[in-house]
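**Q** The structure under discussion is supplied below as structure tokens; questions concerning it will follow.
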Amino acid sequence: MIFFKEGKGCNIRLLEYESKEIFRDYSIPLADNILITKTDNIEEKLENFEFPAIIKSQIAIGSRKKARLIKIAQPRDVANSLCKEFFERVVAGFTVEAILIEELAEIQHEYYCSIALDASRIQFFVIASKEGGIDIEEVSKSNPEAIIKESFSFREGLTEELSGKVAKQLGFRGDLYNSAKYILKKLWKITKEREAQLVEINPLVLTPSGLVAVDGKMILDDDSAFR
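Residue numbers (our numbering): 12 to 238.
Listed below in structure tokens is the structure:
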């Protein structure tokens, strides 16, 4: 987790693997993965993992892809080399202390979804888009019509009606509609119970077996993190 100042307070941004540990606790569907730290024996950790896989440095910077900190590895020995390479990297003053090795998802489409707190107006937003896998701020500038944004209060919460409305706007029907509603409701449950400022899945990927959270982000305030 990384502490950073925002306004008068101090917030905490969880790394991807930390966010996904929470997602797993709330039964949000994830791809198979393993975590490797600097003190681990890389070869032993990789021994029983299936390849190809995606190698993801766990570091708190905006775009890990642009920094070449996320790469696909086909054979196991390439993954081993990439892990050693990543552990030697220093980017924006941060060192890589952990790497997430994850099953390579068979992507049919990428979506975005999040629950965010607007502290100034003391309300929450469910935000979603059919254009996932890229920075949502870029989407809001280049194609604002692609952003779905609905507000709700803490008292009312994310209702069945509202989560269903957003799932339908994303184009989901049948079982996928129910899955999308389920995931949105879980994001709200995490936000409420963990007192989060932001809980984000980007991308939420449609695969042949259903919806999978391929990347995750959470921002907490420091008080809630240690409560």
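Don't be surprised by glycine CBs; every beta carbon is placed ideally from N, CA and C.
Between which two residues does the beta strand (DSSP E) carrying G227 extend?
**A** Looking up residue 227 in the sequence shown gives position 216. G227 to D232 is the extent of the beta strand (DSSP E) around G227.
**Q** Let's see if you can read the secondary structure: which residues bound the beta strand (DSSP E) around G221?
**A** One-based indexing of the sequence shown puts residue 221 at position 210. Run containing G221: G221 to A224, per the beta strand (DSSP E) assignment.
**Q** So, using beta-carbon positions, are I81 and L115 closer together than 8 angstroms?
**A** Sequence index remark: in the sequence shown, residue 81 carries index 70 (1-based). Sequence index remark: in the sequence shown, residue 115 carries index 104 (1-based). Their beta carbons are not under 8 angstroms apart, which means I81 does not touch L115 by this criterion.
**Q** Report yes if the C-beta distance between R87 and L57 is below 8 angstroms; otherwise report no.
**A** Residue mapping note: residue 87 aligns to position 76 of the sequence shown, counting from 1. Residue mapping note: residue 57 aligns to position 46 of the sequence shown, counting from 1. Taking 8 angstroms as the Cβ cut-off, R87 and L57 qualify as a contacting pair.
**Q** If you count every other CB in all the chains shown that lies within 10 Å of the CB of D226, and 16 or more means buried, which is it?
**A** Locating residue 226 in the sequence shown gives position 215, counting from the first residue. That one is buried.
**Q** Would you report the Cα separation of F60 and I39, rounded to the nearest angstrom?
**A** Here the question's residue 60 lines up with position 49 in the sequence shown. Here the question's residue 39 lines up with position 28 in the sequence shown. Going from the Cα of F60 to the Cα of I39 covers about 21 angstroms.
**Q** Would you mind stating whether V137 and L169 have Cβ atoms separated by less than 8 angstroms?
**A** In the sequence shown, the residue the question calls residue 137 occupies position 126. In the sequence shown, the residue the question calls residue 169 occupies position 158. It is a contact, given that the beta carbons lie within the stated cut-off.
**Q** In the DSSP output, which residue or residues are listed as bridge partners for T48?
**A** Sequence index remark: in the sequence shown, residue 48 carries index 37 (1-based). Answer by DSSP bridge pairing, in chain order: A109.
**Q** Considering only C-alpha positions, which residue in the set D36, F105 and D43 is nearest to S68?
**A** Counting from one through the sequence shown, the residue named residue 68 turns up at place 57. Ranking D36, F105 and D43 by Cα distance to S68 puts F105 first.
**Q** In three-state terms, what does DSSP make of P155?
**A** Start at 1 with the first residue of the sequence shown, and residue 155 comes out as number 144. Correct three-state label for P155: helix.
**Q** If you pair each beta-carbon of the segment 199-208 with each one of the segment 108-122, do three or more pairs fall below 8 angstroms?
**A** Flag = no, the segment 199-208 and the segment 108-122 do not touch.
**Q** Considering only heavy atoms of the ligand SAM, does any lie closer than 7 angstroms to the CB of E29?
**A** Here there are no bound small molecules, and the ligand SAM is not part of this structure.
**Q** Considering Cα atoms alone, identify which of P214, A130, E96 and F163 is closest to S140.
**A** Position 129 of the sequence shown, counted from the start, is the residue given in the question as residue 140. Selected option, being the one with the closest Cα: P214.
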